[in-house]
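*Asks:* Residue numbers (this note's numbering), protein chains in the order written: chain A, 6 to 106; chain B, 13 to 237.
Here a beta-carbon is modelled for each residue, glycine too, at the ideal position from N, C-alpha and C.
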Amino acid sequence: MTLWVAVMVSSALVYSWKLLGYLVPERFVSNPKIKDLASLLTVALLAALVGIQTFVSPEGVTLDARLPAILLSGVLFYFRMPFIVVVVVAAGTAALLRVWF
Amino acid sequence: MANKQPSVAAVSLGVGVATGLYGISFGALSVSAGLDLWQTMALSVLMFSGGSQFAFIGVIATGAGVVPAILSAWLLGLRNGFYAIRMNPIVSVSALVRPLAAQLTIDESNAVSLSQEPDLKNERLGFWLTGAAVFVFWNLFTFLGAVLGSQLGNPSDYGLDAAAAAAFLGLIWPRLNQSKLLVLAVASAFLATFLSALLPAGIPVLITAGLALGFWIYGLRGGKQ
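#1: Buried or exposed for B/Ser-64, please, with buried defined as at least 16 other CB atoms from any protein chain shown within 10 angstroms of its CB.
#2: Does the structure place the region 18-27 of chain A close enough to the region 95-104 of chain B that three or more beta carbon pairs sit under 8 Å?
#3: Could you tell me the boundaries of the alpha helix (DSSP H) in which B/Trp-150 lies?
#4: Assuming B/Val-109 and B/Arg-136 are in contact, meaning their beta carbons sit under 8 Å apart, how far apart are those beta carbons, in whole angstroms?
#5: Please list the partners that B/Ser-61 has in chain A, where partner means a Cβ-to-Cβ separation under 7 Å.
#6: Taking C-alpha atoms, which residue in B/Leu-207, B/Ala-201 and B/Leu-232 lies nearest to A/Val-55?
#7: Taking a Cβ distance cut-off of 9 Å, strictly less, list which residues of the region 90-103 of chain B are near chain A, in chain order.
#8: With a threshold of 8 Å between beta carbons, is A/Leu-24 in contact with chain B?
#9: Give the interface partners of A/Thr-7 over in chain B, defined as CB-CB distance under 7 Å, in chain order.
#10: For B/Ala-14, which three-state DSSP category applies?
#11: The alpha helix (DSSP H) with B/Asn-189 in it runs from where to where?
#12: Considering only their Cβ atoms, is the gap separating B/Thr-205 from A/Val-61 smaller than 8 Å?
#13: Could you tell me which residues DSSP pairs with A/Val-61 in its beta bridges?
Dropping the structure here:
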């Protein structure tokens with residue numbers, strides 16, 4: 006029961022951020038400086054997720070099969086390989102490395 | 013067509029499937045953290061923000077209780093508000109559609125939209141297609157993961173964790189040809205990783221928002237452009 010309340014309350018709180026962003030006045034968001042800030046924030050937060058998703062595991066910061074996989078995916082993105090191909094290759098690389106080592 | 017950038021529909025679908033597949037691991041982890049199938053599905057349908065969902069079940073799994081779980085999910089959801097500010101003029105939704113647009117405002121829909129700049133039509137299309145694709149696949153695979161749960165074994169055996177990292181990298185890749193954004197991306201990735209060793213899940217990502225703010229203020233105060 007407590008868990009259900011927590012699921013509902015936290016879902017509502019997460020949704021409130023999403024909705025709040027759409028209620029900020031138009032005049033404020035059409036400012037190019039604000040657009041620049043939103044772009045910087047997006048890159049920073051997503052890059053942070055790349056780092057965490059590559060290096061962090063429940064045991065803490067680790068170097069494992071994900072590192073070669075993400076490096077390879079960077080090379081593939083550089084050569085303009087399709088997104089889905091790169092993602093599948095990254096998964097396959099990490100999975101195979103974990104089988105072999 | 014062959015030499016052009018992939019179409020926005022192809023990118024959206026690719027992101028939807030790739031992100032959705034990671035829902036298997038969310039479903040499996042959520043059930044092992046002690047939530048039942050329907051609580052797990054409620055998170056994927058209603059919260060619908062991967063970072064917040066993983067933070068929520070991660071904290072529950074440690075036995076820290078519901079209040080820290082709620083707080084970390086809430087804090088980690090803050091970035092969606094910034095995405096919403098960016099999306100608002102692009103989606104330019106009516107009051108009726110706005111609640112739906114809000115629910116689909118997540119890392120992936122914003123990033124695909126951003127990657128289509130400056131084509132406004134594709135920015136809008138990328139947002140809706142990606143949001144819808146991720147919603148469908150994320151919930152489908154959450155369900156599968158929660159049902160299969162322990163039978164499936166460890167999601168990382170299938171490299172799903174590396175796939176998620178590659179997906180996030182692909183989303184910011186088109187922006188990294190600007191040196192300011194490249195420097196910010198590298199700094200954010202390392203700062204968040206380093207801080208993850210010291211701070212609870214969710215907080216390090218938020219601190220990189222402060223880094224972005226620093227770059228922005230530096231730019232305003234006379235850095236070039």
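*Replies:* Let me spell this out:
#1: Looking at its Cβ environment, which holds 16 or more other Cβ atoms inside 10 Å, B/Ser-64 is buried.
#2: yes
#3: Here the alpha helix (DSSP H) through B/Trp-150 covers 132-160.
#4: Not really, about 12 Å apart at Cβ, beyond 8 Å.
#5: Val-19
#6: Nearest C-alpha to A/Val-55: B/Ala-201.
#7: Correct list: Leu-90, Arg-91, Asn-92, Gly-93, Phe-94, Tyr-95, Ala-96, Ile-97, Arg-98, Met-99, Asn-100, Pro-101 and Val-103.
#8: Interface residue, yes.
#9: Val-78
#10: Any answer about B/Ala-14 is weak, because its pLDDT of 42 lies below 50 and its placement is not dependable; what the coordinates show is given next. It is coil, neither helix nor strand.
#11: Careful: B/Asn-189 lies outside any alpha helix (DSSP H) and carries neither H nor E.
#12: Yes, these two residues count as a Cβ contact at 8 Å.
#13: According to DSSP, residue pairing for A/Val-61 in a beta bridge involves A/Val-66.
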